[in-house]
Amino acid sequence: MLTAEDKKLITQLWEKVAGHQEEFGSEALQRMFIAYPQTKTYFPHFDLSHGSAQIKAHGKKVAAALVEAVNHIDDIAGALSKLSDLHAQKLRVDPVNFKFLGHCFLVVVAIHHPCCPDPRGPRFPGQVHVRRGCCADCQVPLDGTVARAGPTLLPAFQLRAAK
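Per the UniProt record's numbering, numbering through the sequence shown is continuous, rising by one, with the last residue being 163.
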C-alpha cells in the first residue's frame, strides 16, 4: 500500500519524466537486456540491437502502462489488471523480471535527472555516482558534486555497457 508521501514522490518524479516516457521506456528495456540477459528469452522474435524499432515500440508500451499506473495511483492493480493477466497467464513472465525492469527504469531516470530523490537510498552493491546537472532542481557546484541527494547511482557494469 502506498502512503500519501509515496504517492507525492511518485507524482513529483513523474512530472520530471513527462515528455520522455517513450525514450525512457525503451532505454530501460535496453538496460534490462544488458544487465539481466536472461530477460531476452521473453523476446525471441525481437531485434534486440541498440535502437531497434521493436525495442522502441515495446518501450512505448511500457511507458503507456506506467502512465496508466500513475494516473490511477489509488487503484494501480485495477488499472493494470488486464496487462497483469496477459503477462502472468498467457506470456508466463516471471514476476522478478518486472523488478528488473523497474530498477532499470529508475536507473534511466537517475541518469537523466540525478536530482530526483530516492527515499530508499542506495540498495545495490558496486555502484558509482553519476554526476551531471539536468534541471532547475539540480544544483551542481563547480567541483562536480550534486548538492541534493538523489538516485544518482548506477551499477558500474551498466556504466561500461552504456558507453
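Cβ atoms here follow ideal geometry from the backbone N, Cα and C, with glycine treated the same way.
Closest by C-alpha distance to residue i, when choosing among the options
i	options	result
A79	A65, K16, L86 and A88	A65
E22	K7, V62 and P37	V62
A4	D74, S84 and K90	D74
CA-to-CA distance, residue j to residue i, given in whole angstroms
i	j	result
V93	H87	6 angstroms
K40	P114	28 angstroms
A110	V17	10 angstroms
E15	L2	18 angstroms
K7	H72	11 angstroms
S52	F105	18 angstroms
K90	Q38	19 angstroms
G150	K60	Interpretation of G150 is limited by its pLDDT of 40, a score under 50 that renders its predicted location unreliable; no figure is taken from the coordinates.
F98	P44	18 angstroms
A77	G102	16 angstroms
S84	F46	21 angstroms
Contact belief for residue i with residue j at Cβ below 8 angstroms, rounded distance in angstroms
i	j	result
V70	I10	6 angstroms
residue 181	V96	Outside the displayed range of the chain (1 to 163) lies residue 181, so it cannot be described from this structure.
F100	Y36	5 angstroms
F33	L13	24 angstroms between Cβ atoms; not a contact.
Under 8 angstroms between C-beta atoms of residue i and residue j
i	j	result
H112	H50	no
- Contact between the stretch 42-57 and the stretch 24-33 (3+ Cβ pairs under 8 angstroms): yes
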